[in-house]
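Student: Submitted below is the structure of interest, expressed as structure tokens.
Numbering (our numbering), first residue to last: -7 to 120.
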């Protein structure tokens, strides 16, 4: 399984790694009890500090995505996918609330937003 770090990203390296692992869990590329790469190996492959990978794994463990097993490594924890999806929907809702508040300031209508959404969903760029 491949991971990558975008050095031009505004996201911290550990956050980029966390997001990729979460995405693989959501998409079932990583399943319950799958072992993540060792911290040292992944740090070497990504050309980042060991502490960065450790931080990503620690944060994922705090959030309930993975569990560390003494002397064995880090493994995907049993997930309750419906709860994870519900959490993701709530996160999306909060982001959309911010977007809606922003577009209302400029008088952009709901129909305009729906049109833009459909264009983006097709893989096209709005206004370009």
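All C-beta atoms, glycine included, are put in the ideal place defined by N, C-alpha and C. In this text the structure is predicted, and so the values were computed from the model without any measurement.
(1) CB-CB under 6 Å to residue 44, same chain, minus the five flanking residues each way: which ones, in chain order?
(2) Ignore the nearest five residues each way along the sequence and tell me which others in residue 34's own chain have a CB closer than 6 Å to its CB.
(3) One question on the structure: do residue 13 and residue 57 come within less than 8 Å of each other, judged by their Cβ atoms?
(4) Report, in whole angstroms, the separation of the C-beta atoms of residue 84 and residue 18, which I expect to be a contact under 8 Å.
(5) Beta carbon of residue 10, beta carbon of residue 52: below 8 Å?
(6) Whole angstroms is fine: what's the gap from residue 102's alpha carbon to residue 78's?
Tutor: On the basis of the supplied data:
(1) 5 and 6
(2) 45
(3) yes
(4) Not quite, the Cβ-Cβ distance comes to about 13 Å (not below 8 Å), so this is no contact.
(5) yes
(6) 24 Å
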